[in-house]
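Numbering (the numbering used here), first residue to last: 524 to 770.
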């Protein structure tokens with residue numbers, strides 16, 4: 524779920540774009556929406572960014588680079604693929620951190636993956652990096668707990684390590700019975716276990732298109748470890764699944 528204030532700002536920029544008969548709503552629109560949210564403005568000003576100037580540059584770029592719909596057109600405004608990807612990544616990032624809500628700073632982090640977007644160019648021009656935003660999130664976390672009771676309840680829980688936040692322990696998943704037996708891949712699993720058991724050159728790499736079963740093989744190996752069906756050198760091993768997209 525997107526935080527209420529953030530959702531309102533996104534709805535507002537989409538309404539404005541629709542009223543101006545723009546054909547697309549873009550990553551630049553998304554960054555423009557973030558500039559109306561206190562936590563983002565506070566972060567940028569702490570980094571000595573002139574927020575009003577950045578807002579003006581975004582508006583100028585949008586006005587000069589976004590095509591207009593014909594006056595008699597009944598086609599509705601369309602979010603660009605980049606716009607959609609940013610929001611999707613924000614949701615994945617929140618889910619990986621076991622949070623139910625997407626906040627503005629999550630979206631700001633996700634914008635940086637759109638390397639060709641002018642929004643990213645403007646952020647970098649102002650000496651703002653993805654790492655800066657990640658650090659800003661960790662710095663702002665204590666303040667946000669005072670302002671938002673929903674987050675405060677989360678913070679009473681034990682703090683998670685980065686490994687726990689951004690990865691899934693497949694062995695723990697197997698112990699919980701959440702991994703089904705792997706069928707038809709015994710040869711690949713056996714060969715991978717052999718490679719992992721080496722003292723040197725022990726880094727297997729699964730190559731293939733999405734959906735061919737690379738993750739299933741890794742889960743199958745995790746289940747073998749849990750079941751004790753691996754060489755002694757691997758019996759205490761753990762396998763972690765890392766989603767690069769949420770980093």
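All C-beta atoms in this analysis are idealised placements derived from N, C-alpha and C, irrespective of residue type, glycine included.
As the structure is a computational prediction, the values presented were derived from the model and not from experiment.
| query | result |
| --- | --- |
| Reference residue 536; option with closest CA among 603, 762 and 552 | 552 |
| Contiguous alpha helix (DSSP H) assignments of at least 4 residues, all confined to the region 681-750 | 685-689, 693-698, 709-719 and 737-750 |
| Residues of its chain near residue 740, where Cβ-Cβ distance is below 8 Å and the 5 sequence neighbours each way are ignored | 705, 708, 711, 712, 715 and 729 |
| Cα-Cα separation between residue 597 and residue 541, rounded to whole angstroms | 11 Å |
| Rounded C-alpha distance that separates residue 665 from residue 562 | Note that residue 665 scores a pLDDT of 43, beneath 50, so its modelled location is shaky; the value from the coordinates is reported in the next line. C-alpha separation (whole angstroms): 12 Å. |
| Rounded distance between the beta-carbons of residue 637 and residue 600, thought under 8 Å | Contact doesn't hold; Cβ gap of about 19 Å is too wide. |
| Continuous alpha helix (DSSP H) assignments of at least 4 residues falling wholly in the region 579-640 | 604-619 and 627-634 |
| Between the CA atoms of residue 722 and residue 575 - distance to the nearest angstrom | 58 Å |
| Candidates 691, 749 and 765, of which the one nearest residue 758 by Cα | 749 |
| Spatial neighbours of residue 585 in its chain, beta-carbon cut-off 6 Å, leaving aside the 5 residues before and after | 551 |
| DSSP state of residue 645 mapped onto helix, strand, coil | helix |
| Boundaries of the alpha helix (DSSP H) in which residue 555 is found, first to last residue | 550-557 |
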